[in-house]
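Numbering (this note's numbering), first residue to last: 7 to 514. Built from N, CA and C at the ideal position, the CB exists for glycine as well. None of the values given here were measured: they were computed from a predicted structure. Before any comments, here is the structure.
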């Protein structure tokens, strides 16, 4: 076993035997993405680089959850899979089971580089410059060998993005890469120093373009700079963006370039076996006739997107309520994926799952399958319930202030009531509405609320639960939402959201 797991085993045993408290255990467990919940059970966070996971691994995770008496999986807004409600005595056996199947935990929390993001539809949609999934996976593997990447002043968040449509998302990472070709060569436009949470901010442009061969060099420079210059005295000022704030743009970029010039050029990254064309050839075709029913057509409009390969391939989004899945529900999704000949899934930053490529003839089969299991779980957005993005909330998270999922449910109920007599309008607006709203139970911004059109941040005011509203007018995604001065009580906050949506979409 690796040294960090040996130490974890020692500390877990001491915790179970009452020899140390949870806070002392956290010094060891946090770096492995293991945190105690409010109910005294544990959350263990599986890293899923780029949100890309094989169907086999997804099924392995389901079986491990069941075997080790865990509660459910929560799909995070950073494309991790969080195993919730793990009994203390099952934490280490669960981790061993999943790491044996290639699912790492190290760096899932603490002062480390966190899960590296990539668009779930990377390599699938026609407007991608090129597929960035492999770069997210390969850089993760490279950084696993960098000692300093696990001894940082605070967390470091890196993301890859496949086209300029997501440039604003790259700019709000600690280090963001946007696919860009130059003179026929693949490379990246690079931003640094962004982030959300306390004093959210967009970063600055570091490079107009670098060749893909310098990806690891760029990440190494940011890691080394952060290691040396991040604030280790004040945790509240410890992220990369506070170096930018302290130095200003010119000096920040100058400092970064000093580290970049010292870093080895053309640093290699481990290869990752990824055969998208082979996956295409293995898709199953079906003879099931398409339904003319309105429900089938509405479902396609909501969740089906053409893939770039040919007119016979599409992507299908599974809308996962609250991002939560039990082991049996995961098994059902694995069954569906295998039925379609699909070899991998993609986790989205909206806490959903994408079936990235399926044959178009499979759509009636998928629709029927999802309807058959709808009493178990609604993966079709029949209701807004569970589809307003929020963090896990204070009922689970020990540092959370409010139960953000309850606010999400309150808003969902109002939306269902508002659109109950207008199913066509609901189909037309549902994706846009869901995309607009993000709710966090505290200032940690786990939902990404500072960058949402309608963001909500939980707090207590004179002991009573309130939400600060974060609002952005217009479509400028390079503008953070403005926090409103006066926090609102729960009912008033929910009504505010509905009023904004009514005004924007001319709803009565």
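Under the 10 Å beta carbon count, residue 288 is surrounded by fewer than 16 other beta carbons and is classified as exposed. Distances from the alpha-carbon of residue 234 to those of 252, 263, 158 put 158 closest.
For the 8 Å CB-CB criterion, residue 197 and residue 227 do not form a contact. Taking the Cα positions, residue 454 is about 8 Å away from residue 203. Secondary structure at residue 493: coil, using DSSP grouped into helix, strand and coil.
One alpha carbon belongs to residue 259, the other to residue 212, and they sit about 7 Å apart.
In the structure shown, residue 488 falls within a strand segment according to DSSP collapsed to helix, strand and coil.
Under the DSSP assignment, residue 185 falls outside any alpha helix (DSSP H), being part of the beta strand (DSSP E) whose first and last residues are 181-188. Every beta strand (DSSP E) stretch that sits fully inside the segment 118-172 and reaches 3 residues is listed by chain position as 164-167. It is roughly 19 Å from the alpha-carbon of residue 463 to the alpha-carbon of residue 208. In the structure shown, residue 280 falls within a coil segment according to DSSP collapsed to helix, strand and coil.
For the pair residue 200 and residue 247, the CB atoms are nearer than the 8 Å cut-off.
With a contact defined as Cβ atoms closer than 8 Å, residue 487 and residue 459 qualify at about 7 Å. Apart from the 5 residues on each side of it in sequence, residue 117 sits with its Cβ closer than 6 Å to the Cβ of 158, 160 in its chain, given in chain order. In terms of Cβ geometry, residue 359 and residue 351 form a close pair [threshold 8 Å]. Judged by beta-carbon spacing, residue 290 lies within the 8 Å limit of residue 345, meaning their Cβ atoms are closer than that value.
When secondary structure is reduced to three states using DSSP, residue 289 falls in the coil class, being assigned neither helix nor strand. Residue 444 is bridged by DSSP to 395, 461. Around the beta-carbon of residue 66, 16 or more other beta-carbon atoms lie within 10 Å, marking it buried. Between the segment 117-137 and the segment 45-59 there are three or more inter-stretch CB-CB distances shorter than 8 Å, so the stretches are counted as touching.
Residue 413 holds the alpha-carbon nearest to the alpha-carbon of residue 461 among 435, 420, 374, 413. For residue 311, the enclosing beta strand (DSSP E) begins and ends at 310-312. Inter-residue distance for residue 105 and residue 299 is about 45 Å (C-alpha atoms, whole angstroms). Residue 322 and residue 309 do touch by the CB rule: their CB atoms are close to 6 Å apart, below 8 Å.
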